[in-house]
Each structure stands twice: as C-alpha cells, then as structure tokens.
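Q: Take this structure first; my questions come after.
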Amino acid sequence: AVLVAYADGTCQNEEVDQVNKLIKSSPQLREFHNEPARLFDNYCDQMEASYMMAKIDLMKKVSAIAGDTENSPRVLISAIEVANASKKKGDKSPISDAEEQVLSNIARELGLMLGKYI
C-alpha cells in the first residue's frame, strides 16, 4: 500500500484514509492492535527520507509472502484499493501510469497477474 501511495512521489490524504480503513476493517490485521498503523507510518517516514531505500525494504516484505495463496491476493488487492482511493466520480482510469507500474511490480513479485484483479 505504501509503495502505491508514493508511486507518484507524494502520498495523498485519500490514500492514507484508505489504508487506515483497510487496517481497521481487516480481521487479520485487527488482532495486531495498533502495529499495522504504526508500521504504515514508519514506512511513510522512510519513503519521505529515501524512496529507493524504502522501496527495497518494502519489496522484500512483498517477496516474503510470495506463494502464500491466502495473503498474496490480499496484499495486491489492498494496493489496488489504495491506487483507487483518489478516484473521482466518472473517472474511467483512476490508476496513474506510475501506480500501475508499481502494482505490476508487486503482482509480478507475488506471482500474480495484475489484470485478473483490476
């Protein structure tokens, strides 16, 4: 989610709100209390400091769940939801080229086909 939020260089309020909604509504994440929100904030701070270093760290996290048939799609779908967060009514293609490239990289790393989820 953080990779997609920063794909265009900045993280918009709508994207932060979407991540927080995803965290709060996920039964899998709720059991970790405030840890997912704290991690999100930490990764955002890392992105602000060094996009490339944060990207390396986050892609390692993505890679670690590749092959997990339950959680890999959840990660990709969450990232897609963040990309769609700033969608305006009537937009046919709310996902920017930069976001689509990041989503494609995440999907590839997870061994998933992005087109199946968009």
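Heads up, the sequence shown is in my numbering, so the first residue is 235 and it goes up one at a time.
Yeah, the Cβ is synthetic: ideal placement off N, Cα and C, and Gly gets one too.
1. Less than 6 Å between C-beta atoms, sequence neighbours within five positions excluded: which residues of the same chain meet that for ILE257?
2. Quick one: is ALA298 buried, meaning 16 or more other Cβ sit within 10 Å of its Cβ, or exposed?
3. Using 8 Å as the threshold, is the C-beta distance between LEU337 and SER306 below it?
4. In whole angstroms, give me the CA-to-CA distance for ALA283 and ALA313.
5. Please name the residue, chosen from PRO328, VAL296, ALA288, that lies closest to TYR224 on a Cα-to-Cα basis.
6. Taking PRO328 as part of the alpha helix (DSSP H), name the residues at either end of that continuous run.
7. With H, G and I counted as helix, E and B as strand and the rest as coil, what does DSSP make of MET347?
A: For this structure:
1. LEU263, PRO270, ALA271
2. exposed
3. no
4. 21 Å
5. Given a span of 235 to 352 for the chain in the structure shown, any question on residue 224 remains unanswerable.
6. Per DSSP, PRO328 lies in no alpha helix (DSSP H) segment and is marked neither H nor E.
7. Under the three-state reduction of DSSP output, MET347 falls in the coil class, being neither helix nor strand.
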